[in-house]
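Input: a single structure, listed below in structure tokens.
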Amino acid sequence: VAPVGVDEDPVTGSLNASLAQWLIAEGHLGERYVAGQGRCLGRDGRVHVARDAQGQVWIGGDSVTCVEGHVHL
Numbered sequence: 690v691a692p693v694g695v696d697e698d699p700v701t702g703s704l705n706a707s708l709a710q711w712l713i714a715e716g717h718l719g720e721r722y723v724a725g726q727g728r729c730l731g732r733d734g735r736v737h738v739a740r741d742a743q744g745q746v747w748i749g750g751d752s753v754t755c756v757e758g759h760v761h762l
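Start counting the sequence shown at 690; every next residue gets the next number (the working numbering).
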């Protein structure tokens, strides 16, 4: 739980995309893999990672809507 009492996002696509660029480029992982994140928070998640022929990294997975609403600025 974050210090302000808001549940932390258990799986971070932007982090996994950046990490994938490095791990694949350095040869630590293959062109496709599944990463796990959030287990210690009790909110286990999976991120599917793939790099295409042009070198783009794609991130995907399931999601759940926790909050809905409108913001008026």
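Yeah, the Cβ is synthetic: ideal placement off N, Cα and C, and Gly gets one too. Given the structure is predicted, the values throughout are model-derived calculations rather than measurements.
Which residue's Cα is closest to the Cα of T701: L718, G744 and D733? D733
Using a Cβ-Cβ cut-off of 6 Å (strictly less than) and excluding sequence neighbours within five positions of A739, which residues of its own chain qualify? R721 and W747
Quick check on the burial criterion: 16 or more other C-beta atoms within 10 angstroms. Buried or exposed for Q743? exposed
Segment limits, beta strand (DSSP E) that includes A724: R721 to Q726
What are the residues that DSSP puts in a beta bridge with R735? G725
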